[in-house]
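J.:
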Amino acid sequence: MLLLVALCIIGSSVLTFAQKDGDLRLISKRLEVFYNGIWGTICNDDFDDTDAQVACKQLGYKGGKSLDSKVDDGTGKIWLDDIGCKGNELTLANCSSSGWGLHDCDHQEDVGIECFNTYASDGDLRLISKRLEVFYNGIWGTVCNDGFDDIDAQVACKQFGYNGGKSLDSKVDDGTGQIWLDDIGCKGNELTLANCSSSGWGVQDCDHDEDVGIECFNTNDGFIYLSNGVLNIFYNKTMGTVCDDSFDNVDAQVACRQLGYNNGRYVGSTVTSENLKIWLDNVDCNGDETTLAHCPHAGWGVNDCSHGESVMIACNNNSEGDVRLSSGKLELLHNNEWGTVCSANFDNMTANVACKQLGLRNGSVLQDTVATGTSRIWLNKLRCNGQETKLIDCSHTEWGIHTCSHGNVVGIRCEGNGDVRINSGRLEVYYNEAWGTVCDDKFDEKDATVASMENFWDSNGNGTGNTWLDDLECTGNEPTLGDCKNGGWGVENCDHTEDVRVECLHSNEDDLRINENRLEIFHKNEWGSVCSEEFNHSDALVACRQLGYRNGHASGEASYGIGKIWLAEVSCMGEGTLTSCTHAEWGKNDCKKIVEITCHNDILGWECSTQWACKYIVQIVAGGAAGCILTTIVFVLVFQYVASRIRTHHQDRPYSATLKTDKPTREYDGVVAFNKLSNDAIVHDEIYDIVE
21 MLLLVALCII GSSVLTFAQK DGDLRLISKR LEVFYNGIWG TICNDDFDDT DAQVACKQLG
81 YKGGKSLDSK VDDGTGKIWL DDIGCKGNEL TLANCSSSGW GLHDCDHQED VGIECFNTYA
141 SDGDLRLISK RLEVFYNGIW GTVCNDGFDD IDAQVACKQF GYNGGKSLDS KVDDGTGQIW
201 LDDIGCKGNE LTLANCSSSG WGVQDCDHDE DVGIECFNTN DGFIYLSNGV LNIFYNKTMG
261 TVCDDSFDNV DAQVACRQLG YNNGRYVGST VTSENLKIWL DNVDCNGDET TLAHCPHAGW
321 GVNDCSHGES VMIACNNNSE GDVRLSSGKL ELLHNNEWGT VCSANFDNMT ANVACKQLGL
381 RNGSVLQDTV ATGTSRIWLN KLRCNGQETK LIDCSHTEWG IHTCSHGNVV GIRCEGNGDV
441 RINSGRLEVY YNEAWGTVCD DKFDEKDATV ASMENFWDSN GNGTGNTWLD DLECTGNEPT
501 LGDCKNGGWG VENCDHTEDV RVECLHSNED DLRINENRLE IFHKNEWGSV CSEEFNHSDA
561 LVACRQLGYR NGHASGEASY GIGKIWLAEV SCMGEGTLTS CTHAEWGKND CKKIVEITCH
621 NDILGWECST QWACKYIVQI VAGGAAGCIL TTIVFVLVFQ YVASRIRTHH QDRPYSATLK
681 TDKPTREYDG VVAFNKLSND AIVHDEIYDI VE
């Protein structure tokens, strides 16, 4: 009995190990660390696969990964936070962190990991939510999308065991840790992605916003897909292109129907990689085929084309007679081509029918001039009684028969739908009794400007449901986003990772802004322009200083398009705001041109009619330190003398009683007055810069 007890004691001493600071353990995949005699958890802030691999190797495994899913909450101490391992550390405690016990976490953020005893080899691949990752030097890392195309994706997918694949245009979730490969260029016959040319392991100029995503699939001959508009077709386990010889809209419609759309058009050709096969040429569909491969063609791989003749198509769900608004213009689809409508006979009743067809209400004809264009003019003398459901059901002349010009096409405004709101920073638009998002394709500051003109409702929620608008192209003058050119309500190729986020600045009465050089003023809750007639540099200077700049000048004029012209006949004399200057009555004008200005913080100078005139002005300005009164007296006397010299020396030139800067210079902001600029083209007149 004593021997048994002794053996138990010995066995106990063998099986019991003294813990030391930095030791790790896993409790239901929750990672814990020992410190100062107590086990505690680790916060998941910045914890990634590299950190997990160090932890797993410390625990005796060959590899591991961080868990995205939540683990059971721990209790007690939280020992480590903000861990950042390089991957070559022997223990997790050797990695950088915020320090023992220093954290801003609770146990809902306890980190979880999964360890395994299978080795990955250099060059092995894996997909994490469509994000492509590659293993190298014991660490998983991402691949940069610089130069990454479908051929590279196909090599990667074949390495996974698929027979096809494509690069994703949409963004994938950002990875963490290493970025192993960049500038990949596969020919298509490589067995692994690591065999393709690249900038080298770890040599890159990317961040994780550029992590590449791919989609892999097993396909049959004749499978097609679009990549940035290029039509790709699969044959003999290899992806290739279609040559543009004889390719037309009928062929595009067959391809688009195969892709699940109900319409499409041929948009042209482009250059593709020489490593791609050219599978089809002389495609000649009759229109009722179910797949492109069923159409007559020259034969698989039979062609006389170059890689600069690869077909591009655009697919959509539009139908004959569909309508849309483009920068206020009403457009109508006929023979798969968008065109405009003459304004003759077009009234608010007809506009109502068009708006109802768009899912909107309360249509009205725009009285302002609609921007001209070059598209087809499809219909003339269009007139509805209000009961029609589609515009093409109304009375009209024959398609394409008209006598009007592009300056006489109709523009309409619809109400009801098209309201916008900011939802946790995300831009959303209301249509067909539902809120939906806006895709970021082509979205720029002009689109954001139009969005910011509208009223907003703040709310919370995720980007789910419909994406209503895509490919927005606003001019900046439209009253609502729905009036901007777009792909059509609900016509998009986006997911919610591409939802637009905007920040709008609320405007006050008389606020100014510069929109593509156009000076605009806010009045009665609407932005409008300023007439260019009689507007000069003095007026521009007041506007620029109101905007917070030091200097500025009138730089040109633009044709009047859609929107208000609020101010005309502006005449300033140094006022603090533009509205303090004398001007005509608000909105009362017959102006045809609107003013453009340029604001800056450089020091303006003069373009002098003679070097002699500038020479004396330099002396006057430089003499300012000698006393304000004396300088003023000298300036008046010398100025009169200078003016008389200019009159006699340049009698054939216009004369003004004041020196005026018609061509302001702004080379630099210096400290030496009137540094002379060399200009070989100037003989009698020389340019000098005035600087403070």
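Following the working numbering, the numbering of the sequence shown begins with 21 at its first residue and continues without gaps.
In this text, a Cβ means the ideal position worked out from N, Cα and C, and glycines have one as well.
1) CA-CA distance, I103 and K77?
2) Can you check DSSP and say which residues form a bridge with F366?
3) Just to confirm before moving on: does the CB-CB distance between W398 and L345 stay below 8 Å?
4) Can you tell me which of the three DSSP states C375 falls into?
5) From C83 to K97, what distance separates their C-alpha atoms?
6) Measuring CB to CB, does V250 end up less than 8 Å from W299?
7) Compute the distance between the beta-carbons of W509 and Y451, then report whether it is under 8 Å.
8) Can you check which of these residues, N283, G572, Q377, is closest to H557 by C-alpha distance?
9) Roughly how many angstroms separate the alpha carbons of K106 and Q198, rounded to a whole number?
10) Roughly how many angstroms separate the alpha carbons of D71 and F168, rounded to a whole number?
11) Of the residues A173, D367, T618, which one's Cα is nearest the Cα of T212?
12) Please return the same chain residues whose Cβ sits closer than 6 Å to the Cβ of G733, not counting the five positions on each side in sequence.
13) For M259, write down the residues that DSSP places opposite it in a beta bridge.
14) Can you tell me whether S117 is helix, strand or coil according to DSSP?
15) I'd like the list of long-range same chain contacts for S117, defined as Cβ closer than 8 Å, with 5 residues on each side in sequence excluded.
16) What whole-angstrom Cβ distance do E448 and T457 have, given they're in contact under 8 Å?
17) Considering only the beta carbon of each residue, do C592 and I534 sit closer than 8 Å?
18) Could you tell me whether the stretch 415-434 touches the stretch 364-381, where touching means 3 or more Cβ pairs closer than 8 Å?
19) Less than 8 Å between the beta carbons of C362 and C424, yes or no?
20) Which runs of the beta strand (DSSP E) at least 3 residues long sit entirely within the stretch 482-526? Give them in chain order.
21) So does the stretch 233-240 actually touch the stretch 201-219, counting three or more Cβ pairs closer than 8 Å?
22) According to DSSP, is V34 part of a helix, a strand, or is it coil?
23) Have a look at V343, F463, S384, N365 and flag the residue whose alpha-carbon is nearest the alpha-carbon of T417.
24) Would you report the Cα separation of V615 and H543, rounded to the nearest angstrom?
25) Could you pull out every residue in the same chain whose Cβ sits closer than 6 Å to the Cβ of D271, ignoring the five residues on either side in sequence?
26) Given a cut-off of 8 Å on the beta-carbon distance, is the pair L51 and I62 in contact?
27) Taking 8 Å as the cut-off, decide whether the C-beta atoms of F555 and A574 are in contact.
28) Counting C-beta neighbours from all protein chains within 10 Å, is the total for D264 16 or more, i.e. buried, or is it exposed?
29) Find out if the Cβ-Cβ distance for the pair C611, E540 is shorter than 8 Å.
30) Residues in its own chain within less than 6 Å of K85 by CB, not counting five upstream and five downstream?
31) Could you tell me the alpha carbon to alpha carbon distance between S330 and I171, rounded to whole angstroms?
32) Could you spell out the range, first to last residue, of the beta strand (DSSP E) harbouring L532?
33) On the CB-based measure, 16 or more other CB atoms within 10 Å of its CB, does K40 come out buried or exposed?
34) Would you say K505 and E518 are within 8 Å of each other, going by their C-beta atoms?
35) Looking only at its own chain, which residues have a Cβ that is under 7 Å from the Cβ of H123, when we skip the five neighbours before and after it?
36) Would you mind giving the Cβ-Cβ distance between I244 and N252, rounded to the nearest angstrom? I have them listed as a contact below 8 Å.
T.: In this structure, then:
1) 16 Å
2) DSSP, once it has assigned bridges, lists no residue as partnering F366.
3) no
4) helix
5) The displayed chain sequence assigns Gly, not Cys, to residue 83. So the alpha carbons of these two residues sit roughly 27 Å apart.
6) no
7) yes
8) G572
9) 9 Å
10) 28 Å
11) A173
12) Absent from the structure is residue 733, since the part of the chain shown begins at 21 and ends at 712.
13) F254
14) coil
15) L100, D101, D102, I103, G104
16) 6 Å
17) no
18) yes
19) yes
20) 487-489
21) no
22) Any reading at V34 must be qualified, since the residue scores a pLDDT of 37, below 50, and its modelled position is unreliable; no value is offered.
23) N365
24) 17 Å
25) V303, C305
26) yes
27) yes
28) buried
29) no
30) D69, A72, E134
31) 15 Å
32) 532-535
33) exposed
34) no
35) C63, I98, D101
36) 6 Å
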